[in-house]
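Protein chains in written order, with the working numbering: chain A, 8 to 481; chain B, 3 to 286; chain C, -15 to 297.
Ideal Cβ placement from N, Cα and C applies to all residues, glycine included.
On a predicted model such as this, the values are computed, not experimentally measured, just so you know.
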Amino acid sequence: MTVNGIFDEMYGKDGSVRQPYDHIAQWLGATSGDVFANKREQADLLFQRIGITFAVYGSAAGTERLIPFDLIPRVIAAREWEQLQRGLFQRVQALQMFLADIYHDQNIIKAGIIPASHILRNDLYRPEMKGLNVPGNVYVNIAGIDVVRVSEGEFYVLEDNLRTPSGVSYMLEDRAVMMRLFPKLFSENRVAPVDHYPAELLRQLRSVAPEAAAHSPTVAVLTPGPYNSAYFEHAFLAEEMGVELVEGQDLFVRDDAVWMRTTHGPRRVDVIYRRLDDDCMDPLAFNPDCLLGVPGLMSVYRNGGVSLANAIGTGVADDKSTYPYVPDIIRFYLDEEPLIGNVPTFRCSRPDDRAYVLDNIAELVVKETQGSGGYGMMVGPKATKAEHEKFKALVKANPDGYIAQPTLALSTCPTFVEEGVAPRHVDLRPFVLTGRDGMALVPGGLTRVALTDGSLVVNSSQGGGTKDTWVLEE
Amino acid sequence: MRVAINHETIYRYQSAANYSVQYLRLTPISGATQRVLSWKLTGPGNLRPWTDAFGNAAHVLVIDKPHEEIRISAVGEVEIADGGKPLLSDGEPHSPELFLRSTRLTECDDRVGRFAQGFKPAFLSSSRKGLDRLMQGVRDAVDYKPGTTHSATSAREALDRKSGVCQDHAHLFVTCARSLGVPARYVSGYLCTDTAGDEQMASHAWAEAWVEGAGWLSYDIANRMSNARAHVRVAVGLDYLDAAPVRGIRRGGHGEELEVEVSVNDARKVKPMQAVQPQKQQQQ
Amino acid sequence: MLSRTAENLYWTGRYIERAENMARILDVSQRLAVQGRPNANDNSEWIAVLAILEAQGLYANTHGDVTEDGVIAFLTLDRSNPSSIWNCVRAARENARALRATISVELWESLNTTWLHIRDMDDAGLQARGLREFYDWVKERSHLFRGVTHGTMLHNDSFGFTRLGTFIERADNTARLLDTKYHLLAQGGSDNDPAANYYEWGAVLRSVGAFRAYHQVYHDVITPSRVAELLVLRPEMPRSLRFCFDKVTEMLAAVSDGRQLECERLSGEFGARLRYGRMESILGDGLHEFLMEVLDRTAEVSEQISRDFMMSV
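Here it is as structure tokens:
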């Protein structure tokens, strides 16, 4: 892995335009700044009208804002994508097998690969799932795997998101807006389409319906409601798939099944695509104070009367403390070497690693385990001495709660900024779908871009933006 | 010892509830410590069996039309094995290590942690010695006084109040045991007492702790008794919420009144005793 | 569709209609108060309004004595009166907000704009603007709502439930409006008092936008019994009880999709009485009693709609 030079996706290592970006380079050169400024305004208006806003944490209550969209697409060549896809499928498959194993025979624990305490004492491991057979052994129907690139063929997985991964609506809307603003660009470049994602998602969801479901199973999207920051996506996907968008209060249980309250009477639901945390799914089984879910749901789930996508209890597999074990997980279940590696990770729970982290904290990215969104995190090279000390103390006090990674030189991609076009760091979140019949990956994903010069933080909740992601057809 | 149990739970509402769903854990299972000779659970509406996260024989009761009363009755006979045999973990869904987890009701904060540390020397000597001392210590620290706590009281709160009922004793005991590295779990069931011919039956809560080489040993903290021999196990879990006899939610139904009666099931129905805080239903 | 969606659509329709009719009731009461009437004390108009809205108790608790200004404030911008125009607009918008994923952008924007306009209004602002102008504005926004609904919503169940709300509310409110005025005016006048009738009943007609409509139907002087007939039995008058019940039955048939539901039967049953009724009999038996029955029937149909569509457990 290269740490010295930063790999730019358009200009590569020696400054000449890489082949996938040939047309983009021409387009950038041939289009005036005024035209771009104009198109940017149009894009903003389009996004406003669609309503694809996002509630930003820490801002005044109810503030909605647009996630900035950058007009320059991020381009991936067909063979690069193929390489990525193989690695992603391998990883997701291994994680499914891992979940099936820890919720049944726990062979990986017996083999000494992962300590029992790591699994059994993790709150994300749900006793309710022990012994439960899920249709097709599919625990993670939708996986958002965050991937970064450091050089020509070098990709690393930064993080797995196996609970309620979000962002696919941006992938789809970014493409829709680009096609509207620059139709010629699409006739000049052979970009693989992405708009079949909702149809593919629906197909995969239906495939995991309970055996007893009628030949045409009913799918519904369960949302916490309009006050949730990702509500737009819930509503968008429900509409694109042609299924109902429900809240907990629209559902009830009876006769070992889950039903929707409709104007035509109760209608059975077979598969719930749920965008609720585990803890909120059933107040009679989990947190009694969270009434967003369906009381009685777990009894139906355990009796096989309804399928949940993603299954309960997948968090133990995407927890930051499990991340360092994933390469071993791949080896254990598939007897293969990982095609895409992990970012080297130091586990503060291990004395040697911890010592290294404390000594070198100024150069490392320290992440809290069981956190998300980048808050319980410190980027060493960008932080102050005081923050270094603060995190050193945190690590000492709770070593199990932290991992650390070297700062990666994420690849950059040309992006419109104040001064014109400049390179900014990007990552990629492809969405891997798994159903009874196998996996599917729509060519593309969500490219997130850190808009501040030098910043490595791409999370939208902290000021990142998005780009349309192109996978070129061969 | 053979016991015959009659357990009635009645919820009444001043204005009708439209819909209610309950998880019932009112069915004991046969095992090393007991043999269920007969058992019948009856309730209104739709009653479906299911096995919960901890292997308990649960039911889900759904009433989906307007109702002003819910009457649930569990009746049966159980033969309790002599000598209080310890349970091994074979055939159980989870390995004992799972029961080192903490929950909201069994959270070990500084205060509880310090209290637990007081028993560490005893544990260094032997687990059993430690557990016995812990049991006595918890019972000493928390007086038996119904009405000062409720079903959502945590171990820490019970310790602060210095009083509670068997549920609180069990919570504090398991919290402390876990903090000292001993897996422990909450047990809900029935206790049969016979004082000079006066036989009584009550809902009760106690604990089990895992001792390597021995198995799950029972500790009835409220009665300072290890090796349960007059106890019928009905459900286990990490805390009360996992093992509650009735846990439910309703829509509508204001002015809830709850009546619980546990008695010896025959003509000699003597004063029924109610030791566990029965839980009011959540209103949605 | 989801019961909750149907419920939200239904109530959005009801609340906007209620806001409009509240403006109409206030409008006619003011016109009559301005005209002055023999044998009437100053407050009778307003006492009657509170009575027909069954709001005397709530008013007494919050405003005390009955005065024109007090009642107007109570019914327009009072935040604590659930049926004030302010609260009706707020409730309509809240219901629509839960529906944002379902309704058209234009429909949302029309309701949201109405709300934003009234949200921070106070009595001083209202007086400055002028009450008449305010009532006109409320009516306009209601017309806009119906227009956008009719023009942008698919004419399927969404449309059906929204319209159900509109017409149930209109039937209820029309009965109340007619009852207030007939009661009061019938004390002082009769069919044989053309001058009084022209001004007083004219005011009633104007407040429901039916002054010219009356003349188109009757080609004759205004009489109380004919005004009553126009508002109760005439099928072509869009505010008549007959029209409302016809619409309700029609919408219920549409959304029932072939099922024979009790709410449709109830609506049809009462609708038949309106279809085949004669004004002379109704007046003979007592218009007030009849209108009270209308209120009961309307409430009954509404409750049954709830049971049949929205409370499936």
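Three-state class that DSSP yields for CYS228 (chain C) in the structure shown: Position 244 of the third sequence, counted from the start, is the residue given in the question as residue 228 (chain C). Helix at CYS228 (chain C).
Per-residue DSSP class, three states only, for SER379 (chain A): Numbered from its first residue, the first sequence carries residue 379 (chain A) at position 372. Any answer about SER379 (chain A) is weak, because its pLDDT of 45 lies below 50 and its placement is not dependable; what the coordinates show is given next. SER379 (chain A) sits in coil when the DSSP states are folded into three classes, being neither helix nor strand.
Nearest-angstrom Cα separation, counted from ASP106 (chain C) out to ASN71 (chain C): Counting from one through the third sequence, the residue named residue 71 (chain C) turns up at place 87. Counting from one through the third sequence, the residue named residue 106 (chain C) turns up at place 122. C-alpha separation (whole angstroms): 13 Å.
Limits of the unbroken beta strand (DSSP E) element including HIS9 (chain B): Residue mapping note: residue 9 (chain B) aligns to position 7 of the second sequence, counting from 1. First-last of the beta strand (DSSP E) with HIS9 (chain B): 4 to 29.
Cβ-Cβ distance between ASP277 (chain A) and SER328 (chain A) below 8 Å: Locating residue 277 (chain A) in the first sequence gives position 270, counting from the first residue. Locating residue 328 (chain A) in the first sequence gives position 321, counting from the first residue. No, the Cβ-Cβ distance between ASP277 (chain A) and SER328 (chain A) is not below 8 Å.
Member of A:ARG93, A:ARG47, A:VAL99 and A:GLN97 whose CA lies at the smallest distance from the CA of ILE74 (chain A): The residue given as residue 74 (chain A) occupies position 67 in the first sequence. Closest by alpha carbon: A:ARG47.
Cβ-based burial, ALA256 (chain C) [other Cβ within 10 Å; buried from 16]: Position 272 of the third sequence, counted from the first residue, corresponds to residue 256 (chain C). Exposed, because fewer than 16 other Cβ atoms sit within 10 Å of the Cβ of ALA256 (chain C).
Among C:ARG103, C:GLU93, C:GLU38 and C:LEU95, nearest to ASP62 (chain C) - alpha-carbon criterion: Against the third sequence, residue 62 (chain C) aligns to sequence position 78. Ranking the options by Cα distance to ASP62 (chain C), first place goes to C:ARG103.
ILE410 (chain A) CB to nearest heavy atom of the ligand FMN below 7 Å: Questions concerning the ligand FMN fall outside what the structure shown contains, since it holds no ligand whatsoever.
Nearest neighbour of GLY257 (chain B), chosen from B:GLY217, B:GLN284 and B:HIS233 [CA to CA]: Start at 1 with the first residue of the second sequence, and residue 257 (chain B) comes out as number 255. Out of B:GLY217, B:GLN284 and B:HIS233, B:GLN284 has the C-alpha closest to the C-alpha of GLY257 (chain B).
Contact set between MET(-15) (chain C) and chain A, taken where Cβ atoms lie within less than 9 Å: In the third sequence, counting from the first residue as 1, residue -15 (chain C) sits at position 1. Simply GLU251, THR269, THR270 and HIS271.
Classification of VAL260 (chain A) by the beta-carbon crowding that lies within 10 angstroms, buried from 16 upward: Translated into the one-based positions of the first sequence, residue 260 (chain A) becomes position 253. So VAL260 (chain A) counts as buried.
Neighbour flag for VAL64 (chain B) against chain A, beta carbons, 8 Å: Working through the second sequence from its first residue, we reach residue 64 (chain B) at position 62. Closer than 8 Å: yes.
Within 9 Å of chain A by C-beta, residues of the region 130 to 143 of chain C in sequence order: Along the region 130 to 143 of chain C, going in chain order, the ones with a CB nearer than 9 Å to a CB of chain A are ASP141.
DSSP-derived helix/strand/coil call for ARG253 (chain B): Here residue 253 (chain B) refers to the residue found at position 251 of the second sequence. Secondary structure of ARG253 (chain B) (DSSP, three-state): strand.
Coarse secondary structure for SER66 (chain A), derived from DSSP in three states: Here residue 66 (chain A) refers to the residue found at position 59 of the first sequence. Its pLDDT being 36, under 50, SER66 (chain A) is placed unreliably in this model, and the value from its coordinates should be taken loosely. Note: SER66 (chain A) maps to coil in three-state DSSP.
For ALA6 (chain B) and GLU79 (chain B), believed in contact at Cβ under 8 Å, the rounded distance: As a position in the second sequence, residue 79 (chain B) is number 77, starting the count at 1. As a position in the second sequence, residue 6 (chain B) is number 4, starting the count at 1. With 8 Å as the limit, GLU79 (chain B) and ALA6 (chain B) qualify as a contact, their Cβ atoms being about 5 Å apart.
Rounded distance between the beta-carbons of VAL50 (chain C) and ILE36 (chain C), thought under 8 Å: Numbered from its first residue, the third sequence carries residue 36 (chain C) at position 52. Numbered from its first residue, the third sequence carries residue 50 (chain C) at position 66. The C-beta distance from ILE36 (chain C) to VAL50 (chain C) rounds to 13 Å, too long to meet the 8 Å contact threshold.
Per-residue burial, LEU52 (chain A) [other beta carbons within 10 Å of its own, 16 or more giving buried]: Taking the first sequence and counting its residues from 1, the one referred to as residue 52 (chain A) is at position 45. Label assigned to LEU52 (chain A): exposed.
Segment contact, 8 Å Cβ cut-off, at least three pairs: the region 115 to 127 of chain A with the region 335 to 343 of chain A: Touching, per the Cβ criterion.
Contact set for LEU219 (chain B): own chain, Cβ-Cβ below 6 Å, skip 5 residues either direction: Locating residue 219 (chain B) in the second sequence gives position 217, where the first residue counts as 1. Excluding residues within five positions, the ones whose Cβ falls inside 6 Å are PRO88, ALA211 and VAL213.
Anticipated Cβ contact below 8 Å, VAL189 (chain B) with VAL238 (chain B), distance rounded: Translated into positions along the second sequence, residue 189 (chain B) becomes position 187. Translated into positions along the second sequence, residue 238 (chain B) becomes position 236. Confirmed, Cβ separation roughly 5 Å.
Min CB distance PRO233 (chain A) to chain C below 8 Å: For the purposes of this step, residue 233 (chain A) is taken as residue 226 along the first sequence, with counting starting at 1. Yes, its Cβ sits closer than 8 Å to a Cβ of chain C.
Span separating the alpha-carbon of GLU370 (chain A) from that of PHE121 (chain B): Taking the first sequence and counting its residues from 1, the one referred to as residue 370 (chain A) is at position 363. Taking the second sequence and counting its residues from 1, the one referred to as residue 121 (chain B) is at position 119. Taking the straight line joining both Cα atoms gives about 44 Å.
Counted within 10 angstroms of its Cβ, other Cβ atoms place MET3 (chain B) as buried (16 or more) or exposed: By 1-based counting over the second sequence, the position of residue 3 (chain B) is 1. Exposed, since its Cβ has fewer than 16 Cβ neighbours within 10 Å.
Contact set for VAL64 (chain B): own chain, Cβ-Cβ below 6 Å, skip 5 residues either direction: One-based indexing of the second sequence puts residue 64 (chain B) at position 62. Answer for VAL64 (chain B): VAL23, GLY47 and ASN48, listed in chain order.
Nearest-angstrom Cα separation, counted from ARG(-2) (chain C) out to ASP269 (chain C): Taking the third sequence and counting its residues from 1, one reaches residue 269 (chain C) at position 285. Taking the third sequence and counting its residues from 1, one reaches residue -2 (chain C) at position 14. Rounded to whole angstroms, the gap between the alpha carbons of ASP269 (chain C) and ARG(-2) (chain C) is 30 Å.
Interface flag, ALA242 (chain A) vs chain C, CB-CB below 8 Å: Within the first sequence, the letter at position 235 stands for residue 242 (chain A). It does; some Cβ of chain C falls within 8 Å.
Beta-bridge pairing of TRP266 (chain A) - partner residues as DSSP gives them: The residue you call residue 266 (chain A) lines up with position 259 of the first sequence. BP columns for TRP266 (chain A) point to A:PHE259 and A:ARG275.
Close-in-space but distant-in-sequence residues of the same chain around GLN16 (chain B) (CB under 7 Å, 5 per side omitted): On the second sequence, position 14 is the one that residue 16 (chain B) refers to. HIS256 and GLY257, listed in sequence order.
Three-pair Cβ contact test at 8 Å for the region 160 to 172 of chain A versus the region 357 to 368 of chain A: No, the region 160 to 172 of chain A does not touch the region 357 to 368 of chain A.
Coil, strand or helix - LEU43 (chain B) by DSSP: Mapped onto the second sequence, residue 43 (chain B) falls at position 41. Strand, per DSSP.
Enclosing alpha helix (DSSP H) for LEU59 (chain C) [first to last residue]: Here residue 59 (chain C) is taken as the residue at index 75 of the third sequence, counted from 1. Here the alpha helix (DSSP H) through LEU59 (chain C) covers 52 to 60.
Per-residue contacts from PHE293 (chain C) into chain A (C-beta, under 8 Å): Counted from its first residue, the third sequence places residue 293 (chain C) at position 309. Per Cβ cutoff of 8 Å: THR270.
8 Å Cβ cutoff, SER23 (chain A) in contact with chain C: Position 16 of the first sequence, counting from 1, holds the residue named residue 23 (chain A). Chain C contact via Cβ: absent.
Chain A within 8 Å of ARG116 (chain C), Cβ atoms only: As a working note, residue 116 (chain C) is residue 132 in the third sequence. So, not an interface residue.
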